[in-house]
Ligand code: HEC
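Residue numbers (this note's numbering): 7 to 147.
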């Protein structure tokens with residue numbers, strides 16, 4: 007479940023900023039796009055909340071409340087994620103991003119500039135997450 011957890015954090019940040027409270031996390035809120043085909047998955051509350059914690063540790067330095075401090079043009083809100091190439095508005099595409107982060111247009115690989123499973127030497131906070139994300143890559147929807 008680890009990637010789901012981390013990515014729930016991403017989506018949580020995009021959807022609610024850092025103010026979400028458990029009471030707001032009803033099933034509809036926790037139901038997200040699983041893949042590009044539009045299948046959906048409902049994340050357990052616990053994963054959602056743990057994801058937010060992980061997100062705050064590894065991602066929030068740059069993406070506080072779902073914006074990108076170091077590149078304000080590329081946010082983590084649903085619209086920005088939808089508009090990326092490939093679209094990053096679903097779980098599978100976000101997992102892919104954390105393995106192979108790219109520029110918004112998908113043309114340039116940026117794992118030396120962006121935390122990823124292959125750049126945990128540069129981004130030590132990814133070490134812990136890398137193990138989890140790699141293990142969990144076999145997502146079943
Ligand atoms: C050092 C700053 C930094 C950190 C830390 C960081 N990011 Fe990013 N992130 C960026 C920048 C800058 C971009 C925009 C890259 C581009 O398009 O050129 C970005 C883009 C993204 C995108 C694509 C957004 C879109 O609309 O296409 C996702 C998804 C993302 N980051 C997730 C994460 C996650 C998850 C973490 C934590 C594991 C994380 N980021 C940590 C700086 C960071």
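Where is the CB? At the ideal position from N, CA and C, for every residue including glycine.
query = For residue 132, which residues of its own chain have a beta-carbon under 6 Å away from its beta-carbon, when the five flanking residues on both sides are left out?
reply = One-based indexing of the chain shown puts residue 132 at position 126. Within its own chain, the residues whose Cβ lies closer than 6 Å to the Cβ of residue 132, once the five positions on either side in sequence are excluded, are 121 and 126, listed in chain order.
task = Within 10 angstroms of the Cβ of residue 114, are there 16 or more other Cβ atoms? Answer buried if so, exposed if not.
result = Translated into positions along the chain shown, residue 114 becomes position 108. Exposed, because fewer than 16 other Cβ atoms sit within 10 Å of the Cβ of residue 114.
inquiry  = How far does the alpha helix (DSSP H) with residue 67 in it extend, from its first residue to its last?
reply    = Within the chain shown, numbered from 1, the residue matching residue 67 stands at position 61. 66-69 is the span of the alpha helix (DSSP H), which, as asked, contains residue 67.
Closest by C-alpha distance to residue 96, when choosing among 106, 80, 107 and 42 = Translated into positions along the chain shown, residue 96 becomes position 90. Comparing Cα-Cα distances from residue 96 to each of 106, 80, 107 and 42, the minimum goes to 42.
inquiry  = According to DSSP, simplified to helix, strand and coil, what is residue 79?
reply    = Here residue 79 is taken as the residue at index 73 of the chain shown, counted from 1. Three-state DSSP puts residue 79 in coil, outside helix and strand.
query = Just to confirm, does residue 113 get its C-beta within under 6 Å of one of the non-hydrogen atoms of ligand 1?
reply = The residue labelled residue 113 in the question sits at position 107 within the chain shown. Relative to the non-hydrogen atoms of ligand 1, the Cβ of residue 113 never comes closer than 6 Å to any of them.
message = Assuming residue 47 is part of the beta strand (DSSP E), what are its boundary residues?
response = In the chain shown, residue 47 corresponds to position 41, counting from 1. That run of the beta strand (DSSP E) goes 46-48.
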